[in-house]
Amino acid sequence: MKITGTFLDEISYDIPHQNWGEKEWETDFRSMKSIGIDTVILIRCGLRQSIAFPSEVLMKRVNALEPFCDLTGMFLRLAEKYQMKFYFGTYDCGLEPEQIDFLNDLETNMRVVEEAWKRYGNCPAFGGWYLSREVSRSRGRTAEAYAKLVSFCKEISNGLPVLISPFIQGVKANAELGIKAGSIALEQHEKEWDNIFSMISGSVDTIAFQDGHVEIHELQDYLEINMKLANKHHLHCWTNCETFDRDMPIHFMPIKWEKM
Numbered sequence: 003m004k005i006t007g008t009f010l011d012e013i014s015y016d017i018p019h020q021n022w023g024e025k026e027w028e029t030d031f032r033s034m035k036s037i038g039i040d041t042v043i044l045i046r047c048g049l050r051q052s053i054a055f056p057s058e059v060l061m062k063r064v065n066a067l068e069p070f071c072d073l074t075g076m077f078l079r080l081a082e083k084y085q086m087k088f089y090f091g092t093y094d095c096g097l098e099p100e101q102i103d104f105l106n107d108l109e110t111n112m113r114v115v116e117e118a119w120k121r122y123g124n125c126p127a128f129g130g131w132y133l134s135r136e137v138s139r140s141r142g143r144t145a146e147a148y149a150k151l152v153s154f155c156k157e158i159s160n161g162l163p164v165l166i167s168p169f170i171q172g173v174k175a176n177a178e179l180g181i182k183a184g185s186i187a188l189e190q191h192e193k194e195w196d197n198i199f200s201m202i203s204g205s206v207d208t209i210a211f212q213d214g215h216v217e218i219h220e221l222q223d224y225l226e227i228n229m230k231l232a233n234k235h236h237l238h239c240w241t242n243c244e245t246f247d248r249d250m251p252i253h254f255m256p257i258k259w260e261k262m
């Protein structure tokens, strides 16, 4: 199995910050290049008050903390050096979809996208956009936000591709939320994502479902539905193959090869 892309998860929900500088990150990029990685995706440029570049927009609008270095600029330099495409991840306010002030959040992200493109758009490695909002089903106005933000990203960047990476509402996702329930029924998963895809078709280019939230024996059925819907709505379909094991009591240990 060839893995060609990976997420840069320095601004994280559940992984401690590494506080790496350029020396440490270059070692990582060199290793990624050696195994065939050609695409790196900044998982988000900001989460709540933590940000990956000195964004004037986010420091003013959400009281973000000024970062110790410009991680985004560094990632773009390293991506160029190691001949990789870089996808810029949008801002995540950290709220559940139903709690988000839709218009304010959309405006914040548009201003961040505008700021990022002005700052980094001339970098040769800048290859696309990643919408950082991760959902597993129809919630709030997420699909509408996807469509509107994608249109803005493409307009400002002359049509650069856009990626999203949702997850499946599986038994492991429920367990992490303290919900005692099995995975979402295949029929319901298909119904909800058929509707979401109908709203983002023609705007989002690539869908990459996370594969770690359902049991191994369930996964193939969900992946087949995802591929069928992607083909129906003319979306590229990648797999976000998670390399950590959600079955372990400690987050996030490396996964066993046979489970990957």
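Counting in our numbering, the sequence shown runs from 3 upward without gaps. Beta carbons are placed, not taken as given, at the ideal position from N, Cα and C, and that holds for glycine. This one's a predicted model, so the numbers in the text were calculated from it and none came from an experiment.
Span of the beta strand (DSSP E), counted from its first residue to its last, around residue i
i: F70; result: Counting along the chain, F70 falls outside any beta strand (DSSP E), and DSSP gives it neither H nor E.
i: Y132; result: 128 to 133
i: T245; result: Note, T245: premise wrong, no beta strand (DSSP E); not H, not E.
i: K87; result: 87 to 91
i: T208; result: 208 to 212
i: V164; result: 164 to 166
Closest by C-alpha distance to residue i, when choosing among the options
i: L133; options: F70, R32, A127, E146; result: E146
i: A149; options: Y15, F104, E117, E244; result: F104
i: R79; options: I209, K4, H215, F31; result: F31
i: H236; options: M201, Y93, G75; result: M201
i: S203; options: P99, E260, H238; result: H238
i: P251; options: K25, I218, K174; result: K174
i: A127; options: M86, Y224, V216, E12; result: M86
i: T6; options: T241, G48, H191; result: T241
i: W259; options: I218, E136, S36; result: I218
i: S14; options: T92, E117, N65; result: T92
i: T144; options: H215, R248, E98, Y122; result: E98
i: I166; options: E136, T245, C243, L60; result: E136
i: F77; options: E116, H253, E24, M61; result: E24
i: L49; options: P163, V114, C95; result: C95
i: T41; options: I102, L221, F90, N228; result: F90
i: A210; options: S33, V164, P18, E12; result: V164
i: R113; options: C243, M61, G161; result: M61
i: L231; options: V216, F254, S57, L188; result: L188
i: H215; options: S205, I227, S185, D223; result: S185
Residue interval of the alpha helix (DSSP H) (run including residue i)
i: H219; result: 218 to 234
i: I198; result: 188 to 202
i: V137; result: Taken as a continuous stretch (DSSP letters only), V137 belongs to no alpha helix (DSSP H), as it is neither H nor E.
i: Y122; result: 104 to 122
For residue i, the three-state DSSP class (helix, strand or coil)
i: D94; result: strand
i: V64; result: coil
i: W22; result: coil
i: I158; result: helix
i: P251; result: coil
i: S33; result: helix
i: S52; result: strand
Bridge-paired residues (DSSP) for residue i
i: E7; result: It should be pointed out that residue 7 corresponds to Gly in this sequence rather than to Glu. In the DSSP output, where bridge partners are listed per residue, G7 has T41.
i: T241; result: F211
i: P99; result: The partner list for P99 (beta bridge, DSSP) is empty, contrary to what the question assumes.
Contact test: residue i Cβ vs the ligand FAD heavy atom, cutoff 6 Å
i: H215; result: The ligand FAD is not part of this structure, which contains no ligands at all.
- [ ] Would you be able to state if there are at least three C-beta pairs under 8 Å between the segment 124 to 143 and the segment 185 to 202?
- [x] yes
Q.
Any contact between the segment 105 to 113 and the segment 67 to 75? By contact I mean 3 or more CB pairs, one from each, below 8 Å.
A. no
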